[in-house]
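Taken in sequence, the protein lines are chains A and B.
Take any residue in the first sequence, note its place counting from 1, add 2, and you have its number in my numbering.
Take any residue in the second sequence, note its place counting from 1, add 2, and you have its number in my numbering.
Ideal Cβ placement from N, Cα and C applies to all residues, glycine included.
Number of protein chains: 2
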Amino acid sequence: MSDAQIIEADFTWVDGAMASGVQIEVDDSGRIVAVGELKKPTTHRLQGRALTPGFVNAHSHAFQRGLRGKTERFGASSGTFWSWREEMYSLVQTLDADRIYELSLLAFREMLAAGITCVGEFHYVRHAPGCGDFSLDEAVVRAASDSGIRLALLLVYYNTGGIGQPLDAAQKQFATSSPSEYWKQFDRVAAMLDSSTQTIGAVAHSIRAATMADIAELHAESRARGVVFHIHVEEQRREIEDCVELYGQPPMSILLDRLEIDERFTAVHCTHTDPLDMELFIGRGANVCLCPVTEANLGDGVADVPGMLADDAHICIGTDSNSRLCMAEELRMLEYVQRLTEERRGVILDEAGACGMRLLGFGTEAGARSLGVAAGAITPGCWADFAVVDLESQALVGWTPETLLDAFLFGAGREAIAGVCVGGQWMETVHGD
Amino acid sequence: MSDAQIIEADFTWVDGAMASGVQIEVDDSGRIVAVGELKKPTTHRLQGRALTPGFVNAHSHAFQRGLRGKTERFGASSGTFWSWREEMYSLVQTLDADRIYELSLLAFREMLAAGITCVGEFHYVRHAPGCGDFSLDEAVVRAASDSGIRLALLLVYYNTGGIGQPLDAAQKQFATSSPSEYWKQFDRVAAMLDSSTQTIGAVAHSIRAATMADIAELHAESRARGVVFHIHVEEQRREIEDCVELYGQPPMSILLDRLEIDERFTAVHCTHTDPLDMELFIGRGANVCLCPVTEANLGDGVADVPGMLADDAHICIGTDSNSRLCMAEELRMLEYVQRLTEERRGVILDEAGACGMRLLGFGTEAGARSLGVAAGAITPGCWADFAVVDLESQALVGWTPETLLDAFLFGAGREAIAGVCVGGQWMETVHGD
């Protein structure tokens, strides 16, 4: 709770343009109630600043921030996603509640410094080594509360160590024994949340980590409860091969056959998804979450983004492993990899041919849709979640209202973020810590 | 000229590692004279800071900083390198000496803020509209002097508007009428330079912009003078097609046949170079300059970096269009695009399997080699050119001496750069301007 506010920055991103003279009225619950030329006394005048919707990070594993700079040395030959996973599992084995709190707080604070105001935390390390009490759930929620970021906690069901395989040692820290145990703990965690900044969603980690029967049961219950449902899908070719071997079809295909997929469903990665499966998936109104920097770091492969766009996909963005936290870099990376492989400029475009505008939507509104949070736009009914852009930033010199968005997305980074606002609470960016 | 200095930071990058307790002795000419545990009284103690060699930017067109945020809107369909070039030519037509000074100063200052201490400025807009007096040469030199960056001015010969084509209107601002006129002005510009921070090299813009006879003549003279020689090579497929049509072979092939290419030669881009030509080129000891962010922005295509590495290429890095200025982002972009297309982690590795170490070499020593400048390493004989890394940066939290370099290159950006030193002159980074 905070006081009601009338906010005015030099420029505010409203209806797809940088507008001046715009006031934003925020009520004491932290929601936007009016936007426009309100002619009310301004309580918060942001000089030399522009406001955009805060970025929405639809897919994060916060604790992996602890791997920064630690996974880039290789032996005689290259590494793979799977060799990286071994390094990640080594970190997992050091995580108790204190350590996951510490790493999560670090990641969430760094997200805020990068203009990310809402995170979908795909939380799967739920137990300290040797324990089975879900004590890490509370630690992650507490880290989010203490950081001030808006949290969509995506609570993960993990039950098999590969398709038809038992859990290995590190994976025991991820374990939930059954869907009924899952929902029991889900309700316990839901009761811990601060409703003004925290929501919860359901997750089956991947087709590797749960039986199809369990995935179907979890998803049906998530629909009954009206909560979002996320799952990793087809990031690596080996997952597809294993799935075809056991089930006779790839993960996306089997999910489409067995589940009532709708707009509350998000498939994360889809790097190697068959175009026809993708078309069907998008046709259900579901979301695709791409994680450009992590997918690049892990050498996943190049997703068929032009195909997704042709079917008018809802594409949102995750920082995933948090190897780097910069939403502008995520967005341009996504576009740039497509430009390189297509050998043309401007692949991800809106109807008017604007690349930055479309990308901004991925990093804001589409993320909010995937997480089921009223955010991602500066409009009445949404939470007052903003990124504050420093108009004096050296990277932006030469901007005009028309070029500012593209100058930021293609030419700047988190050094141009001066702060954020989450539900009416202002935080200044400190790049040093 | 400055006073002699004994510098000590918490950590200093020496011999491929972050070492503590290292002093750097710099003489009053701005050169490093000793590095190690010198046991001398420290004059400059940098607390909470690490020093790396300043980044060397081997290929820049500083004035293109003026396009930031202005080339990312498209019509009904995508753009290309060639449609982008039209936008760039429109900017060129507004450039007089004042305007190119202003844009160059902006770009050079932003480079310094990003830890780049030396720039190879591939300078081809040499006249104001309607003039032919090379008045823009002095403006660029002055901008470099006023910014404090080390300049390797790469003075460009441009004489044809395409292979066998006359110059079009915008290109007239690039024109030099003959090699003899070129060298006359080369000598005039060389006389303007400050020898402690400025050098000069020779350039034929590309096989599009000069006849083979002129390129051969210019290159032979550059060798006689012992200056470096740079040229754009095979960035776009159309250049190759046009060249094959007129000369019966691609640009790299004809350059290899006609020129005595040696270690002072740098080919910029080589995006579509035939592997056998590349092997021959590398065999001559020559340099390849890649411009990862610009090549991505322009949709050039994916270069065969593994092939270059197999032949032990000298690869350096340019920020080229300066659409974004961040050397860490350039370096990880280069590696990441390869990871995505190869579907493996760790493509660019040194002998010990270290990715960041190899990348750092591209962004420092290899650039200095390409520009013929004594820089790129913290070692006696080199200029005292450093990037100052802020060890308190939020993006680096969790660093150890072993992980710091990778944490910076993969996990941070210019927000972690606290300042630079160029030839013994210290500058603090101001991210706002």
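Interface with chain A (8 Å Cβ-Cβ cutoff): residue 291 (chain B) is excluded. Contact of residue 338 (chain A) with chain B by beta-carbon distance below 7 Å involves 298, 299. For residue 406 (chain B), the enclosing alpha helix (DSSP H) has its first and last residue at 406-413.
Boundaries for residue 53 (chain A): no alpha helix (DSSP H) harbours it, while the beta strand (DSSP E) harbouring it runs 46-55, taken from the DSSP string. Going by DSSP, residue 227 (chain A) is part of the alpha helix (DSSP H) stretching over 214-227. Taking CB atoms only, residue 81 (chain B) has a neighbour in chain A less than 8 Å away. Taking a C-beta distance under 8 Å as the contact criterion, residue 383 (chain A) and residue 389 (chain A) do not qualify as a contact pair. Going by DSSP, residue 208 (chain B) is part of no alpha helix (DSSP H) but of the beta strand (DSSP E) stretching over 200-208. Proximity of residue 412 (chain A) to chain B, defined by a Cβ-Cβ separation below 8 Å, is satisfied. Closest in C-alpha terms to residue 283 (chain B), from the list B:148, B:158, B:257, B:274, comes B:257. Look at the segment 306-330 of chain B: the residues with a C-beta under 8 Å from a C-beta of chain A are 325, 326, 327, 328. Residue 265 (chain A) places its beta carbon 8 Å or farther from that of residue 295 (chain A). Here residue 307 (chain B) carries a helix assignment [DSSP, helix/strand/coil]. Counting the other Cβ atoms within 10 Å of the Cβ of residue 286 (chain A) gives fewer than 16, which makes it exposed. One finds 71 in chain B with Cβ atoms closer than 9 Å to the Cβ of residue 406 (chain A), taken in chain order. Take the alpha-carbon of residue 84 (chain B) and the one of residue 73 (chain B): they are about 12 Å apart.
Annotated three-state conformation of residue 160 (chain B) is coil, per DSSP. Counting every other CB atom within 10 Å of its CB across the protein chains shown gives residue 275 (chain B) a total of 16 or more, marking it as buried. In this structure, residue 357 (chain B) places its C-beta atom within 8 Å of the C-beta atom of residue 348 (chain B). Contacts between residue 346 (chain B) and chain A, judged by CB atoms closer than 8 Å, involve 80, 81, 82, 301 in chain order. Apart from sequence neighbours up to five positions away, the residues of its chain that approach residue 334 (chain A) with a beta-carbon distance below 7 Å are 411, 412, ordered along the chain. Residue 7 (chain B) is positioned such that its CB atom lies closer than 8 Å to that of residue 45 (chain B). Boundaries of the alpha helix (DSSP H) harbouring residue 369 (chain B): 367-373, taken from the DSSP string. Taking a beta-carbon distance threshold of 8 Å, residue 66 (chain A) does not count as an interface residue toward chain B. Sequence-distant Cβ neighbours of residue 322 (chain A) in its own chain, meaning closer than 6 Å and more than five residues away, are 61, 293, 296.
Inter-segment contact for the segment 145-152 of chain A and the segment 101-111 of chain A is present: three or more beta-carbon pairs are separated by less than 8 Å. Counting C-beta pairs with one atom in each stretch, the segment 75-84 of chain B and the segment 307-316 of chain B have fewer than three that are closer than 8 Å, which means they do not touch.
Sequence-distant partners of residue 192 (chain B) (beyond 5 residues in either direction) whose C-beta falls short of 6 Å from its own C-beta, in its chain, are 202. The three-state reading of DSSP puts residue 165 (chain A) in coil, since its state is none of H, G, I, E or B. The beta carbon of residue 94 (chain B) sits closer than 7 Å to those of 127, 172, 175, all from its chain and outside the five residues before and after it, given in chain order. Each residue's CA atom was taken as its position, placing residue 304 (chain A) and residue 235 (chain A) some 14 Å apart. Assignment of residue 62 (chain A) by DSSP, reduced to helix, strand and coil, places it in the strand class. The DSSP assignment places 307-312, 329-344, 357-365 as complete runs of the alpha helix (DSSP H) inside the segment 298-369 of chain B, in order along the chain (cut-off: 4 residues).
For residue 111 (chain B), the closest Cβ of chain A is nearer than 8 Å. Contact annotation: residue 169 (chain A) and residue 162 (chain A) have beta-carbon atoms nearer than 8 Å. Nearest CB-CB separation between residue 272 (chain B) and chain A: not below the 8 Å threshold.
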